[in-house]
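What follows is a set of notes on a single structure, which appears directly below.
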Amino acid sequence: MSERDMNEHSSGQHDEENTSGEQAAGNEGARPTEAELAEMSRDEKVRLGLAQDDVELVEYPDPWPVKGTRAERRAERAVAAWFSLAGLSALAFIGVFVFWPWRYVNPLVDERGHFLYSLYNPLIGFFLGLSILAVGIGAILYSKKFMPHETAVQQRHDGHGSSELDRQTTVAELADAGERSTIARRSMIKRTAGFGAGAFGLGTGVLVLGGMVKNPWAETGADSLQHTGWLQTNGEKVYLRRNTGDPHDISLVRPQDLAPGGFETVFPFRESERHNEEALLHALRRSDNPTMLIRLRPGDSPVERKGQENFNYGDYYAYSKICTHLGCPTSLYEAQTGRLLCPCHQSQFDVANSYAKPVFGPATRALPQLPITVDEEGYFVARSDFIEPIGPAYWERNS
Ligand code: FES
Numbered sequence: 001m002s003e004r005d006m007n008e009h010s011s012g013q014h015d016e017e018n019t020s021g022e023q024a025a026g027n028e029g030a031r032p033t034e035a036e037l038a039e040m041s042r043d044e045k046v047r048l049g050l051a052q053d054d055v056e057l058v059e060y061p062d063p064w065p066v067k068g069t070r071a072e073r074r075a076e077r078a079v080a081a082w083f084s085l086a087g088l089s090a091l092a093f094i095g096v097f098v099f100w101p102w103r104y105v106n107p108l109v110d111e112r113g114h115f116l117y118s119l120y121n122p123l124i125g126f127f128l129g130l131s132i133l134a135v136g137i138g139a140i141l142y143s144k145k146f147m148p149h150e151t152a153v154q155q156r157h158d159g160h161g162s163s164e165l166d167r168q169t170t171v172a173e174l175a176d177a178g179e180r181s182t183i184a185r186r187s188m189i190k191r192t193a194g195f196g197a198g199a200f201g202l203g204t205g206v207l208v209l210g211g212m213v214k215n216p217w218a219e220t221g222a223d224s225l226q227h228t229g230w231l232q233t234n235g236e237k238v239y240l241r242r243n244t245g246d247p248h249d250i251s252l253v254r255p256q257d258l259a260p261g262g263f264e265t266v267f268p269f270r271e272s273e274r275h276n277e278e279a280l281l282h283a284l285r286r287s288d289n290p291t292m293l294i295r296l297r298p299g300d301s302p303v304e305r306k307g308q309e310n311f312n313y314g315d316y317y318a319y320s321k322i323c324t325h326l327g328c329p330t331s332l333y334e335a336q337t338g339r340l341l342c343p344c345h346q347s348q349f350d351v352a353n354s355y356a357k358p359v360f361g362p363a364t365r366a367l368p369q370l371p372i373t374v375d376e377e378g379y380f381v382a383r384s385d386f387i388e389p390i391g392p393a394y395w396e397r398n399s
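The opening residue of the sequence shown carries number 1 in the UniProt record's numbering; numbering runs sequentially from there.
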């Protein structure tokens, strides 16, 4: 509100627009000029603000009328303890998030390593949850124990935009409530609240940004986001095998194993790994390895993807089983429609008419296709790794 407006109000002149506002204020005659407002103490502004809002304070008790009692100190220590716990939990969360061994460890090779790895998710969940809980309890406890619990009665009236007077008196009321809560002289609570909230904020930042620290393009090895277990090394053949439940039971796949319209989930196998239990298990468990081998029905003639026209072997097509939406297994193949279905959010990929392009649901990218052929002994082999990252998109991805 302008100075002119305020002067008009103070002298009893007001236009129609302001009439209702003045009625809302309820105490027109008490409106000070801007200069008077600047001269007023916070206490006076509090009283003025309440009067302007037609608020009557029935009770405004000091939560601790007798200062320094044991009960007061106990309450202060309780609040500080919760904030401290929040800070320590947040620091523990950050420590676990950054330093705890998170890579999968085969229990057959290293039982203790596997045990530590298995604690990663429970620990980050526990410490982050505890931090959130402790910050919340600390804040609630502080407001219950130290904020004044006034009883006020206010007349209801229409709302209008805040005037300068309203703003200043509101700030004064908030500052007054803050002062009456005695936060200014409670350095222990202030320090622990700062520690708890600060560490919690830092932990939240680590949680949000932690996964982005890695540059996916900086890693090009077999374990990078750009490669899967189908990557050929040293020119060794990578066979398509099925999982029979026993990693040592090597069951390779041949064209005659699939009837038209049939499909099978396959995993990579290298002859050099036949007696290496860890490598065999890893090939079956690595999350980006599962691939759907599909034999189309006679008459199906899918449009080939540009540059991938020879990735199939006759009617046999191999697509990553990892949904390009959020990474669920697209394990339902409907032979009649020639569609792969993802059970998570119902994305459908058309295999019979296209190169597994999404035709329904939230997925936007086609399933990556594995180039396959059949070797001289009649077994399916991969001609190379997938030529694009599988699964959900990630930043800087160009496909
Ligand atoms: S993960 Fe497949 S549709 Fe969402």
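We treat Cβ as the ideally placed atom computed from N, Cα and C, and that holds for glycine.
All figures in this text were calculated on a predicted structure; none of them were measured in a lab.
Starting from R42 and walking both ways along the alpha helix (DSSP H), at which residues does that stretch end? By one-based count along the sequence shown, residue 42 stands at place 42. Element bounds for R42: 42 to 52.
For A35, count the other beta carbons within 10 Å of its own beta carbon; 16 or more makes it buried, fewer makes it exposed. Which is it? Sequence index remark: in the sequence shown, residue 35 carries index 35 (1-based). Burial call: exposed.
For V351 and L340, which I take to be in contact (beta-carbon distance under 8 Å), what is that distance rounded to the nearest angstrom? The residue labelled residue 351 in the question sits at position 351 within the sequence shown. The residue labelled residue 340 in the question sits at position 340 within the sequence shown. V351 to L340, Cβ: 6 Å. Contact.
Out of curiosity, what's the CA-to-CA distance linking V213 and V98? In the sequence shown, counting from the first residue as 1, residue 213 sits at position 213. In the sequence shown, counting from the first residue as 1, residue 98 sits at position 98. Answer to the nearest angstrom: the Cα atoms are 11 Å apart.
So that I know if they touch, is there some Cβ in chain C lying closer than 7 Å to that of K321? Here chain C cannot be found, since the structure has a single protein chain.
Tell me, please, which residues DSSP counts as bridged to K357. Here residue 357 corresponds to residue number 357 of the sequence shown, with the count starting at 1. Its beta-bridge partners are D350.
Coil, strand or helix - Q168 by DSSP: Against the sequence shown, residue 168 aligns to sequence position 168. Note: Q168 maps to helix in three-state DSSP.
Any chance the region 283 to 296 sits against the region 224 to 231, with 3 or more Cβ pairs inside 8 Å? Touching, yes.
Residue from L258, N234, V266 with nearest C-alpha to S272: Reading the sequence shown from its first residue, position 272 is the one you call residue 272. With distances taken between Cα atoms, S272 lies closest to N234.
The alpha helix (DSSP H) with P122 in it runs from where to where? Within the sequence shown, the letter at position 122 stands for residue 122. Its alpha helix (DSSP H) spans residues 120 to 146.
Using a threshold of 6 Å, is the CB atom of H282 nearer than that to any non-hydrogen atom of the ligand FES? Start at 1 with the first residue of the sequence shown, and residue 282 comes out as number 282. The answer is no for H282.
If we count the other Cβ atoms within 10 Å of its Cβ and call it buried at 16 or more, is F380 buried or exposed? One-based indexing of the sequence shown puts residue 380 at position 380. With 16 or more neighbouring CB atoms inside 10 Å of its own CB, F380 falls in the buried class.
From A90 to I124, what distance separates their C-alpha atoms? If you number the sequence shown from 1, residue 90 lands on position 90. If you number the sequence shown from 1, residue 124 lands on position 124. The alpha-carbon atoms of A90 and I124 are separated by roughly 9 Å.
Under 7 Å Cβ to Cβ from S347, same chain only, skipping five residues before and after it: list those, please. For the purposes of this step, residue 347 is identified with residue 347 of the sequence shown, where counting begins at 1. The answer, listed in chain order, is C323, H325, P358, F360, G361, P362, A363.
Do P260 and R297 come within 7 Å of each other at the CB atom, strictly closer than that value? Taking the first residue of the sequence shown as position 1, residue 297 is located at position 297. Taking the first residue of the sequence shown as position 1, residue 260 is located at position 260. Judged by their CB atoms, R297 and P260 are nearer to each other than the 7 Å cut-off.
Which residues have a Cβ closer than 7 Å to any heavy atom of the ligand FES, listed in chain order? Residues with a Cβ closer than 7 Å to any heavy atom of the ligand FES, in chain order: C323, H325, L326, G327, C328, T330, C342, C344, H345, Q346, S347, G361, P362, A363.
Which class does Y117 belong to by DSSP, given the choice of helix, strand or coil? As a position in the sequence shown, residue 117 is number 117, starting the count at 1. Looking at Y117 - three-state DSSP - the assignment turns out to be helix.
Below 7 Å between beta carbons: does that hold for R242 and E264? Residue mapping note: residue 242 aligns to position 242 of the sequence shown, counting from 1. Residue mapping note: residue 264 aligns to position 264 of the sequence shown, counting from 1. Closer than 7 Å, so yes.
Spatial neighbours of P232 within its chain, please: C-beta separation below 6 Å, excluding the five flanking residues on both sides. Taking the sequence shown and counting its residues from 1, the one referred to as residue 232 is at position 232. Strictly speaking, residue 232 in this sequence is Gln, with Pro absent from that position. Short of 6 Å from the beta carbon of Q232, and not among the five residues preceding or following it, lie these beta carbons of its own chain, in chain order: V238.
Close-in-space but distant-in-sequence residues of the same chain around Y142 (CB under 7 Å, 5 per side omitted): Along the sequence shown, read from residue 1 onward, the residue named residue 142 stands at position 142. Answer for Y142: V79, I189, listed in chain order.
Compute the beta-carbon to beta-carbon distance between G49 and T170, rounded to the nearest angstrom, for a pair I have assumed lies under 8 Å. Counted from its first residue, the sequence shown places residue 49 at position 49. Counted from its first residue, the sequence shown places residue 170 at position 170. The beta-carbon distance between G49 and T170, rounded to whole angstroms, is 6 Å. This is short enough to meet the 8 Å contact definition.
Start-to-end residues for the beta strand (DSSP E) that takes in M292: The residue labelled residue 292 in the question sits at position 292 within the sequence shown. Segment 291 to 295, the beta strand (DSSP E) holding M292.
Count the other C-beta atoms from every protein chain shown that fall within 10 angstroms of the C-beta of S84, then say buried if there are 16 or more, exposed otherwise. The residue you call residue 84 lines up with position 84 of the sequence shown. S84 comes out buried.
If you run the structure through DSSP and keep just helix, strand and coil, what is S224? Counting from 1 along the sequence shown, the entry for residue 224 is found at position 224. Here S224 carries a coil assignment [DSSP, helix/strand/coil].
I372, enclosing beta strand (DSSP E) - first and last residue: Start at 1 with the first residue of the sequence shown, and residue 372 comes out as number 372. Where I372 is concerned, the enclosing beta strand (DSSP E) starts and stops at 372 to 374.
How is F83 classed by DSSP in three states: helix, strand or coil? Taking the first residue of the sequence shown as 1, we reach residue 83 at position 83. If DSSP states are grouped into helix, strand and coil, F83 belongs with the helices.
Quick check on T204: does DSSP put it in helix, strand or coil? As a position in the sequence shown, residue 204 is number 204, starting the count at 1. T204 falls in the helix class under three-state DSSP.
Given this structure, state the Cα-to-Cα distance separating L281 from H248, to the nearest angstrom. Looking up residue 281 in the sequence shown gives position 281. Looking up residue 248 in the sequence shown gives position 248. The straight-line gap from Cα to Cα measures roughly 9 Å.
Residues that DSSP places opposite I322 in a beta bridge: On the sequence shown, position 322 is the one that residue 322 refers to. For I322, the pairing in a beta bridge is given by DSSP as P329.
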